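*Asks:* Take this structure, written in structure tokens, and hold onto it; I'll ask about it next.
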Amino acid sequence: MARTQSRRRSAPSLLELPGVWLGHHLQSAVATLGRLLRAPLATGMTVAVIGIALALPAALYVLTDNLRQLVGGWDQGAAISLFLHQDNSDLDAEGVAGRLREWPEFRRVQVIGAASALAEFRSQAGFAEALDQLSTNPLPAVLAITPQPAYATATQIEGLQERLGQLPEVDFVRVDTQWLMRFQAILDLAQTLVLLLAGLLALGVLLIVGNTIRLEIQNRRGEIEIMELVGATASFIRRPFLYAGAWYGLLGGLSAWLLVTLAVVALQGPVSRLANLYRSEFPLAGLGAAALLTILGGSMALGLVGSWIAVNRHLRGVEPD
Amino acid sequence: MIRFDHVCKRYPERGDALSDLSFEMEAGEMVFLTGHSGAGKSTLLRLIGLLERPSRGQVIVNGRNLATLARGKIPYHRRQVGMIFQDHRLLADRSVFENVALPLVVTGLGHKEIGRRVRAALDQVGLLKRERALPVALSGGEQQRVGIARAVVARPPLVLADEPTGNLDPDLSREIFALFERFHAVGVTLMIATHDLARVGDLHHRTFVLSEGRLIKDTGAG
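Residue numbers (the numbering used here), protein chains in the order written: chain E, 17 to 337; chain S, 15 to 236.
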């Protein structure tokens, strides 16, 4: 009798349960954060180690991302140069251009007539006097073609080069993108390396969090035993440790983001000076919102998994039987 | 309330702590458990609280066979059993209030209700004014009363005490036993392991005498 009565008094009603459950988790999360912040040195060191471990792949990602954007900028300028035979007039060149504009592979076909090519050459190269000696214009009409990005892979460009070379008006085709392709391949390689490194360091974060939680379980063994004596369920005892792991991950991710952002800010000046020397502008991209969310979500998940492993390995030993 | 059926508990390192123990105890009874050190008193209490499982035989508490109770159900069994220890087992870094609140916190009771019940329990043991103190600031007798408040705060039908007055002088000991008498008066079932034969003699309750793991004397209902 006493049992059922006391149960009726202490148990929340079924309707209240989701709120109670949520309240517990919220309270546990906040209490755990409070506990971590009350030991700022120990928490700070763990968070810093996680932050540095995560900042490394994140920084490499930023590097490759920026290089890709840089190359992307060149890619748009990279064109196929179609040199026509000398006997074609600028009007013929316009005709060829008109036909080529129908091809779906090309985004832009620009005609540089022989006369305008000569004028440009004269103004840019400072060969004005030498050119004046010539009786005829030695320059052919040129079509500058920009392929659609979808047709800009190495093999497709090669195919286009062949097809364009078979046109009767075309003298020769020059594609200046081979080094670009190589660079792209290097970037792909670098990106794979970033992924591998990220995987390795993620494993490191898992171990760091796991070890930290293991030590905390050891330090609080007495408390855990008493909680078990008064009837705490396994999940109730686990909860603060799991939250601690998640907090370590989240704070570590935030500090990784902070480190990378500081590095980007520090590099912004030198990079724009370098870009100026090339008469260009290059705003250095940092970690975007999506990357930030990925880092925070990923680091939190790592912290959670790390603590989950530690909790499952080390809490079992405390349960009396 | 409690039934032991030919219970044996054998520890690999020190042999039989209990051998072939059988008894039955009604709800609302108050029983003293006596016998010299190592007679098996603590082991008996640990079996009831399910801190250990018997090697053989059956322990039935509140109609539940503890031998077959699933691991996940153990916490819910312990919530029905208040446990008091000689060394108090308080958390040194938590206040008196927080220590007493622990059995309620783990059940997920609301803040207000916890505050109300903890203060009621502290009032019962006369420590209402010390709720903010840390256990180290309390005397041994006060610490034990905190332990008692923690054991009864969730109003369990069964309270077990293992040498609750082992370290206390006779006056404090008398106070503690007076508390147990009050719980007994409101229908709580109590089993108290003690060396304090003077108190046992005064109080005329059913008494078990254990020797080398066997029940050698049961005075029957007091």
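Yeah, the Cβ is synthetic: ideal placement off N, Cα and C, and Gly gets one too.
Here the structure is a predicted model, which means the values were calculated and not measured.
Can you find a C-beta in chain E that's less than 8 Å from the C-beta of residue 129 of chain S?
*Replies:* It does not; no Cβ of chain E falls within 8 Å.
*Asks:* Any idea if residue 34 of chain E is buried or exposed, counting beta-carbon neighbours within 10 angstroms, 16 or more meaning buried?
*Replies:* exposed
*Asks:* Could you check whether residue 262 of chain E and residue 316 of chain E sit closer than 8 Å to each other, using their CB atoms as the reference points?
*Replies:* yes
*Asks:* Measuring straight from C-alpha to C-alpha, what distance separates residue 324 of chain E and residue 226 of chain E?
*Replies:* Whole-angstrom Cα-Cα distance: 8 Å.
*Asks:* Going residue by residue through the stretch 62-137 of chain E, where are the continuous alpha helix (DSSP H) segments of at least 4 residues, counting only ones entirely within it?
*Replies:* Within the stretch 62-137 of chain E, the complete alpha helix (DSSP H) runs of at least 4 residues are 106-116.
*Asks:* Counting only C-beta atoms, is residue 90 of chain S closer than 8 Å to chain E at any point?
*Replies:* yes
*Asks:* Alpha carbon to alpha carbon, how far is residue 149 of chain E from residue 93 of chain E? Give it in angstroms, no decimals.
*Replies:* With a pLDDT of 47 at residue 93 of chain E, under the threshold of 50, the modelled position of that residue is not reliable, and no figure is offered here.
*Asks:* At 7 Å on the CB atoms, spell out the chain S contacts of residue 252 of chain E, in chain order.
*Replies:* 120
*Asks:* Pick out whichever of S:157, S:121, S:70 and S:53 has its Cα sitting closest to the Cα of residue 20 of chain S.
*Replies:* Residue S:70 is the option with its Cα nearest to residue 20 of chain S.
*Asks:* Leaving out the 5 sequence neighbours to the left and right, which residues in its chain are closer than 6 Å to residue 129 of chain E when beta-carbon positions are compared?
*Replies:* Hits under 6 Å: 106 and 157.
*Asks:* Taking Cβ-Cβ distances shorter than 9 Å, what residues in chain E pair up with residue 103 of chain S?
*Replies:* 238, 241, 242 and 245
*Asks:* Under three-state DSSP, which class holds residue 72 of chain S?
*Replies:* strand
*Asks:* Residue ranges of each alpha helix (DSSP H) run of no fewer than 4 residues wholly in the stretch 111-151 of chain S, ordered along the chain?
*Replies:* For the stretch 111-151 of chain S, whole alpha helix (DSSP H) runs of length 4 or above, ordered along the chain, are 125-138.
*Asks:* Residue 36 of chain E by DSSP, collapsed to three states: which one?
*Replies:* helix
*Asks:* Mapping the DSSP letters down to three states, classify residue 215 of chain S as helix, strand or coil.
*Replies:* helix
*Asks:* Rounded to the nearest angstrom, how far is the Cβ of residue 230 of chain E from that of residue 326 of chain E, given a contact under 8 Å?
*Replies:* 5 Å
*Asks:* Give me the Cα-Cα distance between residue 18 of chain S and residue 104 of chain S, rounded to the nearest whole angstrom.
*Replies:* 30 Å
*Asks:* Compare the Cα-Cα distances from residue 101 of chain E to each of E:278, E:64 and E:183 and report the closest residue.
*Replies:* The closest CA to that of residue 101 of chain E, considering only E:278, E:64 and E:183, is found on E:183.
*Asks:* Quick test of your reading: residue 175 of chain S and residue 135 of chain S, contact by CB under 8 Å. State the CB separation rounded to the nearest angstrom.
*Replies:* Between residue 135 of chain S and residue 175 of chain S the Cβ distance is about 15 Å, and since that is not below 8 Å, they are no contact.
*Asks:* Would you check if there are 3 or more beta carbon pairs closer than 8 Å linking the stretch 293-307 of chain E to the stretch 231-251 of chain E?
*Replies:* Because the criterion of three Cβ pairs below 8 Å is not met, the stretch 293-307 of chain E and the stretch 231-251 of chain E do not touch.
*Asks:* In angstroms with no decimal places, state the Cα-to-Cα distance between residue 275 of chain E and residue 268 of chain E.
*Replies:* Just so you know, the alpha carbons of residue 275 of chain E and residue 268 of chain E end up roughly 10 Å apart.
*Asks:* Short of 7 Å Cβ to Cβ, which residues in the stretch 34-45 of chain E face chain S?
*Replies:* 36 and 40
*Asks:* Can you round the beta-carbon distance between residue 173 of chain S and residue 191 of chain S to whole angstroms, since I take them to be within the 8 Å contact cut?
*Replies:* Contact doesn't hold; Cβ gap of about 13 Å is too wide.
*Asks:* Given a threshold of 16 other Cβ atoms within 10 Å of its Cβ, counted over all protein chains shown, does residue 195 of chain S qualify as buried or as exposed?
*Replies:* exposed
*Asks:* Using a Cβ-Cβ distance under 8 Å, would residue 93 of chain S count as near chain E?
*Replies:* yes
*Asks:* Pull up the distance between the alpha-carbon of residue 182 of chain S and that of residue 160 of chain S, whole angstroms please.
*Replies:* Taking the straight line from one Cα to the other gives about 14 Å.
*Asks:* Taking the C-alpha atoms as reference points, what is the distance between residue 212 of chain S and residue 47 of chain S?
*Replies:* 13 Å
*Asks:* Compute the Euclidean distance between the alpha carbons of residue 209 of chain S and residue 50 of chain S, then round it to the nearest angstrom.
*Replies:* Approximately 7 Å between the Cα atoms of the pair.
*Asks:* In the DSSP output, what is residue 161 of chain S paired with across the bridge?
*Replies:* Bridge partners of residue 161 of chain S: none, in fact.
*Asks:* Could you give the distance in angstroms between the alpha-carbon of residue 139 of chain E and the alpha-carbon of residue 153 of chain E?
*Replies:* 15 Å
*Asks:* Pick helix, strand or coil for residue 174 of chain S, following the three-state DSSP scheme.
*Replies:* strand
*Asks:* The stretch 253-270 of chain E: which residues have C-beta closer than 7 Å to a C-beta of chain S, in chain order?
*Replies:* none
*Asks:* Please report the distance separating the alpha-carbon of residue 190 of chain E from that of residue 177 of chain E.
*Replies:* 8 Å
*Asks:* In the stretch 196-266 of chain E, which residue ranges form an unbroken alpha helix (DSSP H) of at least 4 residues, counting only runs that do not cross its ends?
*Replies:* 237-245
*Asks:* Tell me which residues share the same chain as residue 155 of chain E and place their Cβ nearer than 6 Å to its Cβ, disregarding the 5 neighbours each side in the sequence.
*Replies:* In chain order, 130, 133 and 134 place their CB closer than 6 Å to the CB of residue 155 of chain E, counting only its own chain and leaving out the 5 sequence neighbours on each side.
*Asks:* Taking three-plus beta-carbon pairs below 8 Å as touching, is the stretch 70-82 of chain S in contact with the stretch 108-122 of chain S?
*Replies:* no
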